[in-house]
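**Q**
Residue numbers (this note's numbering): 2 to 134.
1) What separation, rounded to the nearest whole angstrom, lies between the Cα atoms of residue 23 and residue 52?
2) For residue 92, which three-state DSSP category applies?
3) Does the distance from the C-beta atom of residue 82 to that of residue 99 stay below 8 Å?
4) I need the straight-line Cα distance from residue 54 to residue 44, nearest angstrom please.
5) Could you round the C-beta distance between residue 119 and residue 74 to whole angstroms and report it? I think they count as a contact, below 8 Å.
6) By how many angstroms is the C-alpha of residue 86 removed from the C-alpha of residue 101?
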């Protein structure tokens, strides 16, 4: 991965991207215009999602896991977010969490996740816990 991970809006330095990413950095595509700035507000909103939808989180037996969101298409994410918010798709916590977001805000969150590289080994479907022996 040859991109850059920007740690904070006011940070003067950047760290090279690695295979594992913390929940808060924003991936900036290699060769991206220096004028193009990440959507910091969308990133902040997305961090609430990463509490549960963190592709780097360990998976353990007996614990439900949720799909990773990074790298998924904007339209797929928007369809799911709107359906859960509007009560058209069954979910546990998501309808309550999404009620406060307008469509334009959800679109920015979806665009943030779509712009992030998909975590290798993660999929759009829930991950299967591995048993250790």
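Glycine residues also receive a C-beta, built at the ideal position from the N, C-alpha and C atoms.
**A** Taking the definition as stated:
1) Here residue 23 corresponds to residue number 22 of the chain shown, with the count starting at 1. Here residue 52 corresponds to residue number 51 of the chain shown, with the count starting at 1. Annotation note: pLDDT 44 at residue 23 (below 50); position unreliable, coordinate value reported separately. Residue 23 and residue 52: Cα-Cα distance of roughly 11 Å.
2) Here residue 92 is taken as the residue at index 91 of the chain shown, counted from 1. Looking at residue 92 - three-state DSSP - the assignment turns out to be coil, as it is neither helix nor strand.
3) Start at 1 with the first residue of the chain shown, and residue 82 comes out as number 81. Start at 1 with the first residue of the chain shown, and residue 99 comes out as number 98. Going by C-beta atoms, residue 82 is nearer than 8 Å to residue 99.
4) For the purposes of this step, residue 54 is taken as the residue at position 53 of the chain shown. For the purposes of this step, residue 44 is taken as the residue at position 43 of the chain shown. The alpha-carbon atoms of residue 54 and residue 44 are separated by roughly 14 Å.
5) Mapped onto the chain shown, residue 119 falls at position 118. Mapped onto the chain shown, residue 74 falls at position 73. In fact, because the Cβ distance is near 11 Å, the residues do not count as touching under 8 Å.
6) Locating residue 101 in the chain shown gives position 100, counting from the first residue. Locating residue 86 in the chain shown gives position 85, counting from the first residue. Near 9 Å, if we compare the C-alpha coordinates of residue 86 and residue 101.
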